[in-house]
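Have a look at the structure below before the remarks.
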Amino acid sequence: MIAVTRKSRTVAKLALAVTLLCGVAAAPARAVTAISGSAFDVKVNLQLLGLLGVGIGPFSQSSGSGTAAFTDNDSFAGVSERLNLGVANIVGVQQRVDTGLLLTSASSSLPLQVGSARATVNDLSLRLGTVFLGNFTSLLSITSGEVISTSRVGANGGANASGFTSIAGLTISGAALGGLVINGAAFVNPDPNTVLLDVLGLRIILNEQTPIGTQSASSAGISTNAIRLIFDGFSIGGGLLSGDVIIAHSEAQINDAITSVPEPATWAQMILGFGLIGLVARRRKAVTA
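Residue numbering for the sequence shown is -31 to -1, 1 to 258, as defined by mature numbering (1 follows the signal peptide of the UniProt record, and there is no 0).
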């Protein structure tokens, strides 16, 4: 009986040793969690007739990345820009961009594994039209008191990413829409990828969200545009317009997030250890009997 008991103890010690060795051999070196985030206010890229291309912005930008906490804030007093596709103030197509205060931020709270980016555009006025001998005729107008884009990442329950958009006092109108006036009161917090308008080569998307990077239990990322206008052969001023206008962009990404979910190697280690312990328990029960 004594010999059997000693043997049981030996097996128990062996089980513990195997469990520890499996843990050392199977568990890879833990990567360090990294978070990145960036934001910008307004960006315009337009091309007429596939030949003449111009762009403006961004004006306020924030960004940060790494395995340590970071914070980056930026602001711009406001803009009043005229983007000319043709002879400036003489003839052609003109995109006018006017805003109030522009704000951007990007931050992370490592080691808490939380990161975010945010862009705010106040008193927005976008007007697209034609110019002839200094006279501007507006064909498309978009106004809003405040536009906000937010992207966030975290590791609660596994890596996750989410985007949010807030738009106050949105109004869209103009002759290019056949006199249609869109009151955006119903789109203060639009659902992801809300297509507000898609007609005649003009597509307007609210809260445009796109996954970025690898999406897994340890990695996630998202890009959020509060408002995006996409021109694809949009007829204006006797030409075809292509390109896009982005209002309030943010993005955030997390990689190598530490989660509470055991990895496959850890599960194998635990099962082997419990199996050996169970074997010891059965042997002891047999000896007692």
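Cβ coordinates follow ideal geometry from the N, Cα and C atoms, glycine included. Source: prediction; values computed, not measured.
| Relative to the C-alpha of H218, which residue among A189, G26, S188 and A186 is closest? | Translated into the one-based positions of the sequence shown, residue 218 becomes position 249. Measuring from the Cα of H218, the nearest candidate turns out to be G26.
| field | Beta-ladder partner(s) of F156, from DSSP | value | Walking along the sequence shown from the start, residue 156 turns up at place 187. F156 is not bridged to any residue.
| request: Quick one: grab the DSSP three-state call for A88. | output: Taking the first residue of the sequence shown as position 1, residue 88 is located at position 119. Note: A88 maps to strand in three-state DSSP.
| query | Counting along the chain, where does the beta strand (DSSP E) carrying I196 start and finish? | reply | The residue given as residue 196 occupies position 227 in the sequence shown. Here the beta strand (DSSP E) through I196 covers A189 to I205.
| query | Can you tell me the Cα-Cα spacing of G170 and I227, whole angstroms? | reply | Within the sequence shown, the letter at position 201 stands for residue 170. Within the sequence shown, the letter at position 258 stands for residue 227. Each residue's Cα considered, the two are about 45 Å apart.
| field | Residues near N194 by beta carbon distance below 6 Å, same chain, minus five either side | value | On the sequence shown, residue 194 is found 225 positions in, with the first residue counted as 1. Closer than 6 Å at the Cβ level, and outside the excluded window around N194, lie E177, I215 and H218.
| said: Looking only at its chain, what residues have a beta carbon closer than 8 Å to the beta carbon of residue 291, apart from the 5 residues adjacent to it on each side? | reply: Because the chain in this structure spans residues -31 to 258, residue 291 falls outside the shown range and cannot be described.
| task | Identify the continuous beta strand (DSSP E) that holds T140 and give its terminal residues. | result | Within the sequence shown, the letter at position 171 stands for residue 140. Looking at the DSSP string, the run of the beta strand (DSSP E) that includes T140 is T140 to S142.
| In three-state DSSP terms, what is A186? | The residue given as residue 186 occupies position 217 in the sequence shown. Here A186 sits in coil by DSSP.
| task | Taking P80 as part of the beta strand (DSSP E), name the residues at either end of that continuous run. | result | Translated into the one-based positions of the sequence shown, residue 80 becomes position 111. Taken as a continuous stretch (DSSP letters only), P80 belongs to no beta strand (DSSP E), as it is neither H nor E.
| field | Chain-order list of residues whose beta-carbon lies under 6 Å from that of L165 (same chain, five-residue window excluded) | value | Sequence index remark: in the sequence shown, residue 165 carries index 196 (1-based). These residues qualify, in order along the chain: I173 and L175.
| Alpha-carbon to alpha-carbon, D167 and L54 | Translated into positions along the sequence shown, residue 54 becomes position 85. Translated into positions along the sequence shown, residue 167 becomes position 198. L54 and D167: Cα-Cα distance of roughly 23 Å.
| request: For the segment 109 to 151, list the beta strand (DSSP E) runs that are entirely contained and at least 3 residues long, ordered along the chain. | output: 129 to 137 and 140 to 142
| Cβ-based burial, L95 [other Cβ within 10 Å; buried from 16] | Numbered from 1 along the sequence shown, position 126 holds the residue referred to as residue 95. Burial call: buried.
| Just curious, the beta strand (DSSP E) that G208 is in, first and last residue? | To locate residue 208, count along the sequence shown from 1; it is residue 239. Per DSSP, G208 belongs to the beta strand (DSSP E) from G208 to N224.
| task | Can you say whether P(-4) is buried or exposed, counting buried as having 16 or more other CB atoms within 10 angstroms of its CB? | result | For this step, residue -4 is matched to residue 28 along the sequence shown. Confidence in P(-4) is poor, its pLDDT being 49 and thus under 50, which makes the residue's placement unreliable; the coordinate value appears in the next sentence. P(-4) comes out exposed.
| message | So, at 8 Å on beta carbons, what are the nonlocal neighbours of V(-8) in its own chain, with the 5 sequence-adjacent residues on each side left out? | response | Reading the sequence shown from its first residue, position 24 is the one you call residue -8. In this predicted model, V(-8) has a pLDDT of only 44, less than 50, meaning its place in the structure is not dependable enough to derive any value.
| Nearest-angstrom Cα distance between D67 and R51? | In the sequence shown, counting from the first residue as 1, residue 67 sits at position 98. In the sequence shown, counting from the first residue as 1, residue 51 sits at position 82. Their backbone Cα atoms lie some 9 Å apart in a straight line.
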